[in-house]
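Chemist: One structure, as structure tokens, below. Some questions next.
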Amino acid sequence: MQSDIKFIADHYGLDTQLDKAIEENAELIVAIQKLKQARKSGTLAEIRKAEEAVVSELADVYITSTELKYLMEINHAVNTEIERKIERQLARIEEGE
19 MQSDIKFIAD
29 HYGLDTQLDK
39 AIEENAELIV
49 AIQKLKQARK
59 SGTLAEIRKA
69 EEAVVSELAD
79 VYITSTELKY
89 LMEINHAVNT
99 EIERKIERQL
109 ARIEEGE
């Protein structure tokens, strides 16, 4: 899978994949908003449909994020930042936030 993602990223290049990442993240936001609304007042079928949309958009965001990390050569930096943010949030939880 990773080699396929790299092939796709190399084919389109950074500028195109930056635009694609913007598009996919926007679609994820919309899907999450629809899921929140469905969970408030939707039928079970509407909730399931909204959940499926979130799954699909999360997959797209994962793929484009992976492409950007590869094209920008920032995988290590992103992993380090993820660890830092998790540690920070755990500290906040311990402090009672």
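Be aware that the sequence shown starts at 19, since it is given in the numbering used here, and climbs by one per residue.
The beta-carbon is built from N, C-alpha and C at its ideal position, and this holds for glycine as well.
Taking the straight line between their C-alpha atoms, what separation do you get for N43 and E112?
Modeler: 31 Å
Chemist: Taking I26 as part of the alpha helix (DSSP H), name the residues at either end of that continuous run.
Modeler: 20-30
Chemist: What's the gap between the Cα of A17 and the Cα of V73?
Modeler: As displayed, the chain neither begins before 19 nor continues past 115, which places residue 17 out of reach and without an answer.
Chemist: Three-state secondary structure (DSSP) at T61?
Modeler: coil
Chemist: Can you find the residues in the same chain that come closer than 6 Å, C-beta to C-beta, to D78, ignoring five residues on each side of it along the sequence?
Modeler: E42
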